[in-house]
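Chemist:
In our numbering, the protein residues as written are 23 to 545.
If you want it as structure tokens, here you go:
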């Protein structure tokens, strides 16, 4: 095992762990991903460091918590001052590529909701002095993924590499509205491509209607999932002839909402075959009740990024469409795995599969994500398929986190990690006693009157969640209450356990404080 392995790192978007057959789902068909589990190791208790796209993708890239790398929520790019594990691979002679979604920088261009507000009664500092950090990531270097910038490919607009990637072809945004290099290509294939996209151009159908779901007119061959598979295969054809190892990230924008599986994937799954989550319609947390009340009164807004309540028919329809998106991804992965075989490099390539975060997907009767750290949101799939591993089809039950991915890849490549990397090598270290999940919101959502700062502790048995400025929290015994229905936070019989968990949370938060940079001198 002296030869440095190749790495194919596959990541999906907003994909919960139990939406794979190898994780126990009896409906969704995922034979390619399941084959990775059969040949490798599947982690059953793998959690995100942050349940939001940009923060957790930055945590994966750096092996650091979002409170440390600073991309605390969407809209804050990963600073180029932070080292990524891909840069270390590149420094060690790896060819590096990214095909698909990056989201290390913003792509919407929409104005932020929390901004510096000058006080009319005081002298206002100069613009460059309005933030404690002078590199506030507001320069053109951090606008490379914005929709307004895609007049030419990203590769022509970057100076050198992109967070360690030598080669980048980006599909930004989601569903049939994906943009970036992908959209430049799609428009080159069909001059009328823009007239195929979005609900205003949707095809007719006879399925039950659901929020953010439409039958896209984009054909399968022009959909982003297919483009990512095509470009991944092309990159492999062009970059595997030499003896240099490679790291290639294959990153899908799906199955993140909107729910627009194209072609045959639209009606591949019948909503009638979908079993609703056992917690559907249950639970009495204030935000859940607020969402249900908004649904009943017709006052809910269900066309944005905030979570919302759904009816049973809507939930079944959305889940069935999500399954279609996942199976299309699986078919794309299957093609790429066959390409590794045909090129004769499958036996030299470690294949890793995960997601940036999950989705409520009907848990407690709600959809999407934000601020409620139920298992469906914070627990994601993680599969490591290494041709050199002796034991196959194994399951790890120890706690693991998104910040552990970088440390594990570097260790497998035989590269020493940089100072400040907070994750652990999954294969040579013991699981921690507890994991921390962080989330800072940019805006308030239904059920909360202000933006939230949330911290969660996951242990073998419990989930403890605390919110800054709120006098209520959450405490669930995951052994006796896996659906997280019975909040024990105020239960007097659990006081001692809560205190112990609070102490463990504090100790882990202290442990995860930054250790970078190292001092130049003693004093």
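Just so it is clear, CB atoms sit at the ideal spot from N, CA and C, and this is done for glycine as well.
Tell me which residues share the same chain as residue 227 and place their Cβ nearer than 6 Å to its Cβ, disregarding the 5 neighbours each side in the sequence.
Modeler: Within the same chain, residue 227 has close Cβ partners 237.
Chemist: For a minimum of 4 consecutive residues, which ranges assigned as the alpha helix (DSSP H) are wholly contained in the stretch 383 to 442?
Modeler: The stretch 383 to 442 contains these whole alpha helix (DSSP H) runs: 397 to 400 and 426 to 435.
Chemist: Return the Cβ separation of residue 267 and residue 26 in integer angstroms, given the expectation that the two are a contact with Cβ distance under 8 Å.
Modeler: The pair is a contact, with the Cβ atoms about 4 Å apart (cut-off 8 Å).
Chemist: Just verifying my parser: in three-state terms, what is the DSSP assignment at residue 350?
Modeler: Residue 350 falls in the helix class under three-state DSSP.
Chemist: For residue 83, does the three-state DSSP call read helix, strand or coil?
Modeler: In the structure shown, residue 83 sits in a helix (DSSP, three-state: H, G or I).
Chemist: By DSSP's criteria, residue 282 is part of a beta bridge. Which residues make up the other side?
Modeler: DSSP, once it has assigned bridges, lists no residue as partnering residue 282.
Chemist: Could you tell me whether the stretch 108 to 117 touches the stretch 177 to 196, using the rule of 3 or more Cβ pairs below 8 Å?
Modeler: Because the criterion of three Cβ pairs below 8 Å is met, the stretch 108 to 117 and the stretch 177 to 196 touch.
Chemist: Out of 52, 41, 79 and 61, which one is the CA nearest neighbour of residue 424?
Modeler: The shortest Cα separation from residue 424 among 52, 41, 79 and 61 belongs to 79.
Chemist: Checking 8 Å against the spacing of the C-beta atoms, do residue 393 and residue 381 come in under that value?
Modeler: The answer is no: Cβ separation not under 8 Å.
Chemist: Is it the case that the Cβ atoms of residue 377 and residue 37 are separated by a distance below 8 Å?
Modeler: Contact flag set, yes.
Chemist: In or out: residue 542 buried (at least 16 other Cβ within 10 Å) or exposed?
Modeler: That one is exposed.
Chemist: Taking 8 Å as the CB-CB cut-off, is residue 26 touching chain D?
Modeler: As a matter of chain content, chain D is missing from the structure shown, which is built from one protein chain.
Chemist: Per the DSSP calculation, residue 28 is bridged to which residue(s)?
Modeler: The partner list for residue 28 (beta bridge, DSSP) reads 371.
Chemist: Using 10 angstroms around the beta-carbon of residue 288, count the other beta-carbons present and answer buried if the total reaches 16, otherwise exposed.
Modeler: It counts as buried.
Chemist: Would you mind reading off the limits of the alpha helix (DSSP H) that contains residue 521?
Modeler: Residues 517 to 533.
Chemist: In or out: residue 72 buried (at least 16 other Cβ within 10 Å) or exposed?
Modeler: Residue 72 should be labelled buried.
Chemist: With C-beta atoms as the reference, is residue 511 less than 8 Å away from residue 495?
Modeler: Result yes, Cβ atoms of residue 511 and residue 495 sit closer than 8 Å.
Chemist: Quick one: what's got a C-beta closer than 6 Å to residue 466's C-beta in the same chain, skipping five residues either side?
Modeler: Same-chain partners within the cutoff: 472 and 473.
Chemist: Pull up the distance between the alpha-carbon of residue 336 and that of residue 103, whole angstroms please.
Modeler: Answer to the nearest angstrom: the Cα atoms are 44 Å apart.
Chemist: Distance, Cα to Cα, residue 210 vs residue 244?
Modeler: Residue 210 and residue 244: Cα-Cα distance of roughly 11 Å.
Chemist: List the endpoints of the continuous alpha helix (DSSP H) containing residue 107.
Modeler: Note, residue 107: alpha helix (DSSP H), 107 to 113.
Chemist: What would DSSP say about residue 34, mapped onto helix, strand or coil?
Modeler: Residue state, collapsed to three classes: strand.
Chemist: Do you know how far the Cα of residue 318 is from the Cα of residue 513?
Modeler: The alpha-carbon atoms of residue 513 and residue 318 are separated by roughly 31 Å.
Chemist: So what's residue 164 in DSSP terms, helix, strand or just coil?
Modeler: Here residue 164 sits in helix by DSSP.
Chemist: What three-state label does DSSP hand residue 257 in the structure shown?
Modeler: Of the three classes helix, strand and coil, the one that applies to residue 257 here is helix, per DSSP.
Chemist: Could you pull out every residue in the same chain whose Cβ sits closer than 8 Å to the Cβ of residue 535, ignoring the five residues on either side in sequence?
Modeler: Hits under 8 Å: 90.
Chemist: Under three-state DSSP, which class holds residue 207?
Modeler: Three-state DSSP puts residue 207 in a helix.
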